[in-house]
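K.L.:
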Amino acid sequence: MQDVGAALARLDMPSRALLDLSLRRGVADDEIAHVSRTDAGEVAQRRAAALKELGDELGLDGREQRDELFATLQDLPPGLWPG
Numbered sequence: 123m124q125d126v127g128a129a130l131a132r133l134d135m136p137s138r139a140l141l142d143l144s145l146r147r148g149v150a151d152d153e154i155a156h157v158s159r160t161d162a163g164e165v166a167q168r169r170a171a172a173l174k175e176l177g178d179e180l181g182l183d184g185r186e187q188r189d190e191l192f193a194t195l196q197d198l199p200p201g202l203w204p205g
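For what it's worth, this note's numbering labels the leading residue of the sequence shown as 123, then goes sequentially.
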């Protein structure tokens, strides 16, 4: 899990914040969209891009490994979320 935390730290701040709000804190896409003055579809696209970048950073290959990453992020202890 520490590898995931280190990879998160290498993402840009907006991507980290989006993943934190969406996955760790469970904030709905429409709420994030309202605050960021965009729409829920854009939030979903940005989250998917951030997850892809994170998966690439970790060298993940394939849908199964990326699904595991998604689950890991939801269960990642708060202390491993950077910033």
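Where a beta carbon is used, it is the ideal one built from N, C-alpha and C, also for glycine.
On a predicted model such as this, the values are computed, not experimentally measured, just so you know.
Would DSSP call Thr194 helix, strand or coil?
P.N.:
Here the question's residue 194 lines up with position 72 in the sequence shown. Correct three-state label for Thr194: helix.
K.L.:
Does the distance from the C-beta atom of Ala172 to that of Leu133 stay below 8 Å?
P.N.:
The residue given as residue 172 occupies position 50 in the sequence shown. The residue given as residue 133 occupies position 11 in the sequence shown. Cβ distance < 8 Å, so Ala172 and Leu133 count as in contact.
K.L.:
By alpha-carbon positions, which one of Pro136, Gly177 and Lys174 ends up nearest to Val157?
P.N.:
If you number the sequence shown from 1, residue 157 lands on position 35. Per the Cα distances, Pro136.
K.L.:
Just how far apart, CA to CA, sit Ala166 and Asp151?
P.N.:
On the sequence shown, residue 166 is found 44 positions in, with the first residue counted as 1. On the sequence shown, residue 151 is found 29 positions in, with the first residue counted as 1. The straight-line gap from Cα to Cα measures roughly 7 Å.
K.L.:
Using the Cβ count rule (16 or more neighbours within 10 Å means buried), how would you classify Gly128?
P.N.:
Residue 128 sits at position 6 when you count from the first residue of the sequence shown. For the record, residue 128 in the displayed sequence is Ala; it is not Gly. Classification of Ala128: exposed, given that the 10 Å Cβ count is below 16.
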